[in-house]
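Sequential numbering from 1 applies to the sequence shown in the numbering used here. No residue lacks a Cβ here, since even glycine has one placed at the ideal position from N, Cα and C. No experiment lies behind these values; they were computed from the predicted model shown. Inspection log for the structure reproduced underneath, given as structure tokens.
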Amino acid sequence: MDFSIDKKIPHTIHYFWFGGGKKPESVQKYIDSWRRNCPDFEIKEWNETNYDIHKHPYMEKAFDEKKWAFVSDYARMDVLYNRGGIYLDTDVEIIKDLSPLCENKAFFGFENSELVNDGQGFGCVAGLPIFKEMLDLYGSDEAYDFWGGEKHNVESPKLRTLVLKRHGLRLDGSRQTVGDVEIFPTDFFCPLNYATGRIEITENTFSIHHFDGSWKSGNSGFYTNLMRKLNRIFGEEKGKRVFDCIIRIKDNIKTILRK
């Protein structure tokens with residue numbers, strides 16, 4: 001496909017809702033924050049009725065396994081590469097107008113100093129080659145981890161970070177430009193510290209990624225809360241060691257009980 005590369009990101013917010021389930025109240029609240037703070041944006045929902053989930057084997061397999069987040073991992077990049085705009089996970093709360101971000105050709109933000117996270121929000125004009133590279137990863141083994149004798153999907157932030165590193169991204173959490181892509185520090189889109197649950201909003205903050213993790217297993221919320229409490233009590237380094245010890249004990253008990 002031939003693209004006439006625009007200079008500015010279109011004022012469209014894209015999100016995905018696969019599986020046909022009813023949206024929780026929290027999701028409705030977050031989407032309301034988009035409408036309230038971005039009145040000049042079109043908000044576009046993509047789902048099984050208006051998006052072809054069979055256009056790539058990775059996505060089709062994830063859909064058959066009801067791994068909705070991994071369906072979205074491919075679909076979001078496909079839609080933005082072909083149409084441009086801004087993507088948001090449905091657990092992102094907008095606190096001020098995103099219009100200034102549309103002055104760029106593309107943008108991402110750090111979740112922490114070592115990881116760029118597309119789920120918290122990213123945007124681009126249509127047709128940028130680096131986004132085609134990100135799409136093409138889904139046809140390679142780099143889209144999977146292999147452990148325990150099984151093949152596991154790699155979460156999208158790791159894949160986006162991998163491609164950006166190949167183009168010169170420095171993993172230091174700083175504001176930087178990688179080709180046509182502006183990379184913003186954590187306080188722009190991720191003021192919530194995943195490890196502790198604390199929120200530190202600055203004058204730079206556009207949004208809050210709440211990490212609701214609808215794609216994770218049913219017990220993940222309990223363990224996330226436990227991890228955050230331990231990190232707040234002991235600090236992140238010691239808290240992680242205590243948490244890892246608890247998980248090992250839990251796994252050992254499970255192994256014993258199975259015998």
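Taking 8 Å as the threshold (C-beta atoms), are I13 and L88 in contact? Counted from its first residue, the sequence shown places residue 88 at position 88. Counted from its first residue, the sequence shown places residue 13 at position 13. With respect to the 8 Å criterion, L88 and I13 are classified as neighbours on the basis of their beta carbons.
Please name the residue in F188, D145, P39, E60 whose C-alpha comes closest to that of F107. Along the sequence shown, one-based indexing puts residue 107 at 107. The candidate whose alpha carbon is nearest that of F107 is F188.
Between which residues of its own chain and E42 is the CB-CB distance below 6 Å, once the five residues before and five after are set aside? As a working mapping, residue 42 is identified with position 42 in the sequence shown. Once the five neighbours on either side are set aside, the close Cβ partners of E42 are T12.
Alpha carbon to alpha carbon, how far is E48 from H54? Give it in angstroms, no decimals. Here residue 54 refers to the residue found at position 54 when the sequence shown is read from its first residue. Here residue 48 refers to the residue found at position 48 when the sequence shown is read from its first residue. The alpha-carbon atoms of H54 and E48 are separated by roughly 10 Å.
Enumerate in chain order the residues of its own chain whose CB-to-CB distance from Y144 is below 8 Å, with the five nearest sequence positions on each side excluded. The sequence position of residue 144 within the sequence shown is 144, counting from 1. Here the set comprises K151, H152, N153, V154.
Express the C-alpha separation of F234 and G139 in angstroms, rounding to a whole number. Counted from its first residue, the sequence shown places residue 139 at position 139. Counted from its first residue, the sequence shown places residue 234 at position 234. Answer to the nearest angstrom: the Cα atoms are 42 Å apart.
Thinking C-beta only, is N104 closer than 8 Å to T186? If you number the sequence shown from 1, residue 186 lands on position 186. If you number the sequence shown from 1, residue 104 lands on position 104. For T186 and N104, no; Cβs fall outside 8 Å.
CB-CB length for F184 against R175, believed under 8 Å: Taking the first residue of the sequence shown as 1, we reach residue 184 at position 184. Taking the first residue of the sequence shown as 1, we reach residue 175 at position 175. Contact holds; Cβ gap of about 6 Å.
With a threshold of 7 Å on Cβ separation, who are the neighbours of G84 within its own chain once the five nearest residues in sequence on each side are excluded? Taking the sequence shown and counting its residues from 1, one reaches residue 84 at position 84. Within the same chain, G84 has close Cβ partners D6, I9, P10, C124, V125, A126.
Nearest-angstrom Cα separation, counted from V163 out to G121: Numbered from its first residue, the sequence shown carries residue 121 at position 121. Numbered from its first residue, the sequence shown carries residue 163 at position 163. Roughly 17 Å between the two C-alpha positions.
Between R160, H167, E133, E237, which has its C-alpha nearest A195's C-alpha? Within the sequence shown, residue 195 is the residue found at index 195, counting from 1. Nearest option by C-alpha distance: E237.
Determine the direct distance from the alpha carbon of G173 to that of E93, and round the result to whole angstroms. As a first step, residue 93 must be located in the sequence shown, where it is residue number 93. As a first step, residue 173 must be located in the sequence shown, where it is residue number 173. Going by the C-alpha atoms only, they are around 21 Å apart.
H209 burial status per 10 Å Cβ neighbour count (16 or more: buried): Locating residue 209 in the sequence shown gives position 209, counting from the first residue. It is buried - the Cβ of H209 has at least 16 other Cβ atoms within 10 Å.
Distance between D78 and N117 (C-alpha atoms, nearest Å): If you number the sequence shown from 1, residue 117 lands on position 117. If you number the sequence shown from 1, residue 78 lands on position 78. Taking the straight line from one Cα to the other gives about 17 Å.
Kindly list the residues whose CB is nearer than 6 Å to the CB of W215, restricted to its own chain and excluding five residues on each side of it in sequence; keep chain order. In the sequence shown, counting from the first residue as 1, residue 215 sits at position 215. Interpretation of W215 is limited by its pLDDT of 41, a score under 50 that renders its predicted location unreliable; the figure taken from the coordinates is listed afterwards. Taken in chain order, the residues that qualify are A69.
8 Å Cβ shell around K44 - same chain, five flanking residues per side excluded: Indexing the sequence shown from 1 puts residue 44 at position 44. Counting only Cβ-Cβ distances below 8 Å, and skipping sequence neighbours, we find T12, I13, H14, Y15, G85.
Please report the residue range of the alpha helix (DSSP H) in which T161 lies. Within the sequence shown, the letter at position 161 stands for residue 161. Unbroken alpha helix (DSSP H) run through T161: 156-166.
Taking the alpha carbon of T177 as the point to measure from, which residue in K158, F110, Q28 has its own alpha carbon closest? Along the sequence shown, one-based indexing puts residue 177 at 177. The shortest C-alpha separation from T177 is found at F110.
From T205 to P191, what does the alpha carbon distance come to, in whole angstroms? In the sequence shown, the residue the question calls residue 205 occupies position 205. In the sequence shown, the residue the question calls residue 191 occupies position 191. Roughly 7 Å separates the two Cα atoms.
Going along the chain, which residues of its own chain have a beta-carbon closer than 7 Å to the beta-carbon of R160, five neighbours each way excluded? In the sequence shown, the residue the question calls residue 160 occupies position 160. Excluding positions up to five away in sequence, the list reads F108, V116, D118, M134.
Residues near G218 in its chain [Cβ-Cβ closer than 8 Å; skip 5 each side]: Walking along the sequence shown from the start, residue 218 turns up at place 218. For G218, the pLDDT reaches just 48, beneath the cut-off of 50, and the residue's location in the model is therefore unreliable, although a value from the coordinates is still provided. Nothing listed; no residue qualifies.
Report the partner residues of L192 according to the DSSP bridge assignment. Start at 1 with the first residue of the sequence shown, and residue 192 comes out as number 192. In the DSSP output, where bridge partners are listed per residue, L192 has I199.
Please specify which runs of the beta strand (DSSP E), each continuous and at least 3 residues long, are wholly inside the region 34-77, giving them in chain order. 42-46
Using C-beta distances below 8 Å, list every residue in its chain close to G20, excluding the 5 sequence neighbours before and after it, in chain order. Here residue 20 corresponds to residue number 20 of the sequence shown, with the count starting at 1. Hits under 8 Å: N47, E48.
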